[in-house]
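Undergrad:
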Amino acid sequence: MKQQGLIRLSQKDQEKTCEVPPEIEMHIDSFLGQLSNAGRAEKTIQAYHQDLKIFFEWLLSHYPSIRSIHDITRPQIHHFFGYLDRTRGNSYSTRKRRISSLGLFFETLVHDRVLDAQENPFPDFKQHPIKQKNLSKDQPVVYLEYEEMLTFMNSVFKRDDKKGGRKDWMKARDICLFDLLLSTGLRISELCSLTVENGHDVIVKNLLGVVGKGNKYRPIPISKETHLERLRDYLNKRPAEAETDALFLTKSLKPMQPRDIQYLIKTYSKRSNIHKNITPHKLRHTFASLLIKNDVDIRKIQLLLGHASISTTQIYTHINIQDQRDAIDKLPEW
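Position in the sequence shown (first residue = 1) + 21 = my numbering.
In structure tokens, the structure reads:
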């Protein structure tokens with residue numbers, strides 16, 4: 022299990038590489054080892070490790086004085102939950118999984134008597150005065166209406182550089198980035214993993230090859246000249262001196278991370294005066310809603326979104342309920 026090893030802070034959270042304190046690292050390794058001994062699949066163990074990595078990256082960047090498991094407090098964990106939602110823009114299902122991973126980690130520490138039950142900083146939702154809402158796939162999906170999407174993109178097209186710190190290639194990047202999100206429905210992790218080679222492949226083959234969840238490959242057609250032209254423009258302007266093959270770059274020529282894109286979304290949401298809480302995943306919802314409203318078969322949408330089960334895709338079918346009502350209203354009286 023030593024492959025799990027040290028967790029180091031991401032560049033965006035803290036410029037200096039920082040090791041997790043040895044005492045905390047020991048408990049992480051013990052937890053992952055117990056999962057392995059219990060017969061959990063390697064991919065499951067990796068998912069738990071990734072969730073803990075994200076937590077401790079964030080925790081140590083905000084509370085660098087923490088040296089021990091005993092230093093972690095409940096308010097810090099609540100702060101982390103807010104980060105997953107508002108800053109990282111994780112979907113409800115992703116937040117639920119990451120919270121569950123963290124809860125199991127602390128529950129194991131209590132079971133192993135590393136922590137007393139009353140020391141466990143993980144929230145006891147059953148006893149919390151604010152009742153947890155029972156969210157499910159029946160909850161309405163938040164997305165941009167077509168006119169809102171046009172308004173959003175218009176703010177990207179027309180953004181001026183009033184302070185003189187924005188390079189020309191950055192505007193081309195933003196146009197290409199949001200054009201791709203809205204025309205392909207990519208997950209934020211998939212967008213961040215795109216390379217320059219992926220971009221050139223689209224120009225040549227009119228096809229974007231994406232490796233999504235579970236390392237599953239799916240091809241997404243991109244054939245409209247408008248989308249291809251925006252990609253060409255960005256590829257031509259992308260700084261040649263960048264020392265990474267990542268397609269989308271920050272101002273400092275580093276690969277863009279999910280929080281960089283979330284920041285851009287907030288910027289353009291404010292500029293376009295859209296009051297919905299837009300996240301990268303809600304732009305994915307927007308892509309799906311446009312397909313549903315244009316009567317695209319749900320199984321085709323499932324393939325484009327990379328859903329393993331069609332039941333996941335069916336959360337979007339409520340979107341056209343008004344169209345169905347309008348159709349029913351046209352029935353003659355009898």
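For glycine and all other residues, C-beta sits at the position ideal for the given N, C-alpha and C.
Since we're looking at a predicted model, the values are computed, not measured.
By Cβ distance, which residues of its chain are closer than 6 Å to residue 216, with the 5 residues on each side in sequence left out?
TA: As a position in the sequence shown, residue 216 is number 195, starting the count at 1. These residues qualify, in order along the chain: 266 and 268.
Undergrad: Going by Cα to Cα distance, which pick from 277, 41, 123 and 52 is closest to residue 263?
TA: If you number the sequence shown from 1, residue 263 lands on position 242. Minimum Cα distance to residue 263 is reached at 277.
Undergrad: Restricting to Cα atoms, I'd like to know which of 167, 42, 312 and 281 is closest to residue 325.
TA: Along the sequence shown, read from residue 1 onward, the residue named residue 325 stands at position 304. Closest by alpha carbon: 312.
Undergrad: CA-CA distance, residue 259 and residue 178?
TA: What you label residue 259 is simply residue 238 of the sequence shown in a count that begins at 1. What you label residue 178 is simply residue 157 of the sequence shown in a count that begins at 1. Distance between the alpha carbons of residue 259 and residue 178: 17 Å.
Undergrad: Determine, using beta carbons only, whether residue 96 comes closer than 9 Å to chain D.
TA: Of the chains in the structure shown, none is chain D; there is only one protein chain.
Undergrad: Rank 279, 211, 204 and 192 by C-alpha distance to the C-alpha of residue 254 and give the top, closest one.
TA: The sequence position of residue 254 within the sequence shown is 233, counting from 1. The candidate whose alpha carbon is nearest that of residue 254 is 192.
Undergrad: Going by DSSP in three states, residue 305 sits in which element: helix, strand or coil?
TA: For the purposes of this step, residue 305 is taken as the residue at position 284 of the sequence shown. In the structure shown, residue 305 sits in a helix (DSSP, three-state: H, G or I).
Undergrad: So, under 8 Å CB-CB, residue 223 and residue 252 are touching, yes? Tell me the CB distance rounded to an integer number of Å.
TA: As a first step, residue 223 must be located in the sequence shown, where it is residue number 202. As a first step, residue 252 must be located in the sequence shown, where it is residue number 231. Between residue 252 and residue 223 the Cβ distance is about 6 Å, and since that is below 8 Å, they are a contact.
Undergrad: Assign residue 264 to one of three DSSP states: helix, strand, or coil.
TA: For the purposes of this step, residue 264 is taken as the residue at position 243 of the sequence shown. If DSSP states are grouped into helix, strand and coil, residue 264 belongs with coil.
Undergrad: Count the other C-beta atoms from every protein chain shown that fall within 10 angstroms of the C-beta of residue 94, then say buried if there are 16 or more, exposed otherwise.
TA: Residue 94 sits at position 73 when you count from the first residue of the sequence shown. Residue 94 is exposed by the Cβ-count criterion.
Undergrad: Just how far apart, CA to CA, sit residue 329 and residue 118?
TA: Along the sequence shown, read from residue 1 onward, the residue named residue 329 stands at position 308. Along the sequence shown, read from residue 1 onward, the residue named residue 118 stands at position 97. Looking at the two C-alpha atoms, the distance is approximately 17 Å.
Undergrad: What residue range is occupied by the uninterrupted beta strand (DSSP E) comprising residue 238?
TA: Position 217 of the sequence shown, counted from the start, is the residue given in the question as residue 238. 238 to 242 is the span of the beta strand (DSSP E), which, as asked, contains residue 238.
Undergrad: With 16 other CB atoms within 10 Å as the buried threshold, where does residue 59 fall?
TA: Stepping through the sequence shown from its first residue, residue 59 is reached at position 38. Flag for residue 59 reads exposed.
Undergrad: Measuring only the C-alpha atoms, how far is residue 99 from residue 41?
TA: Your numbering for residue 99 matches position 78 in the sequence shown. Your numbering for residue 41 matches position 20 in the sequence shown. About 20 Å.
Undergrad: For a quick check, are the C-beta atoms of residue 249 and residue 227 less than 9 Å apart?
TA: One-based indexing of the sequence shown puts residue 249 at position 228. One-based indexing of the sequence shown puts residue 227 at position 206. It is a contact, given that the beta carbons lie within the stated cut-off.
Undergrad: Could you check whether residue 290 and residue 175 sit closer than 9 Å to each other, using their CB atoms as the reference points?
TA: Translated into the one-based positions of the sequence shown, residue 175 becomes position 154. Translated into the one-based positions of the sequence shown, residue 290 becomes position 269. It is not a contact, given that the beta carbons lie outside the stated cut-off.
Undergrad: Under the rule that 16 or more other beta-carbon atoms within 10 Å means buried, what is residue 331, buried or exposed?
TA: Taking the sequence shown and counting its residues from 1, one reaches residue 331 at position 310. Exposed, because fewer than 16 other Cβ atoms sit within 10 Å of the Cβ of residue 331.
Undergrad: Can you pull the DSSP bridge partners for residue 220?
TA: Position 199 of the sequence shown, counted from the first residue, corresponds to residue 220. The partner list for residue 220 (beta bridge, DSSP) is empty, contrary to what the question assumes.
Undergrad: Would you call residue 334 buried or exposed, if buried means 16 or more other Cβ atoms sit within 10 Å of its Cβ?
TA: Counting from one through the sequence shown, the residue named residue 334 turns up at place 313. Result: buried.
Undergrad: Is the beta carbon of residue 188 sitting closer than 9 Å to the one on residue 327?
TA: Taking the first residue of the sequence shown as 1, we reach residue 188 at position 167. Taking the first residue of the sequence shown as 1, we reach residue 327 at position 306. Not closer than 9 Å, so no.
Undergrad: Could you give the distance in angstroms between the alpha-carbon of residue 56 and the alpha-carbon of residue 62?
TA: Translated into positions along the sequence shown, residue 56 becomes position 35. Translated into positions along the sequence shown, residue 62 becomes position 41. Answer to the nearest angstrom: the Cα atoms are 9 Å apart.
Undergrad: Note the first and the last residue of the continuous alpha helix (DSSP H) segment covering residue 136.
TA: Here residue 136 refers to the residue found at position 115 when the sequence shown is read from its first residue. Counting along the chain, residue 136 falls outside any alpha helix (DSSP H), and DSSP gives it neither H nor E.
Undergrad: Could you pull out every residue in the same chain whose Cβ sits closer than 7 Å to the Cβ of residue 307, ignoring the five residues on either side in sequence?
TA: As a first step, residue 307 must be located in the sequence shown, where it is residue number 286. Contacts found: 164, 165, 170 and 203.
Undergrad: Leaving out the 5 sequence neighbours to the left and right, which residues in its chain are closer than 8 Å to residue 338 when beta-carbon positions are compared?
TA: Taking the sequence shown and counting its residues from 1, the one referred to as residue 338 is at position 317. Same-chain partners within the cutoff: 313 and 319.
Undergrad: Under DSSP, the alpha helix (DSSP H) around residue 103 begins and ends at which residues?
TA: Here residue 103 is taken as the residue at index 82 of the sequence shown, counted from 1. Where residue 103 is concerned, the enclosing alpha helix (DSSP H) stretches over 95 to 103.
Undergrad: Whole angstroms is fine: what's the gap from residue 101's alpha carbon to residue 79's?
TA: For the purposes of this step, residue 101 is taken as residue 80 along the sequence shown, with counting starting at 1. For the purposes of this step, residue 79 is taken as residue 58 along the sequence shown, with counting starting at 1. Their backbone Cα atoms lie some 7 Å apart in a straight line.
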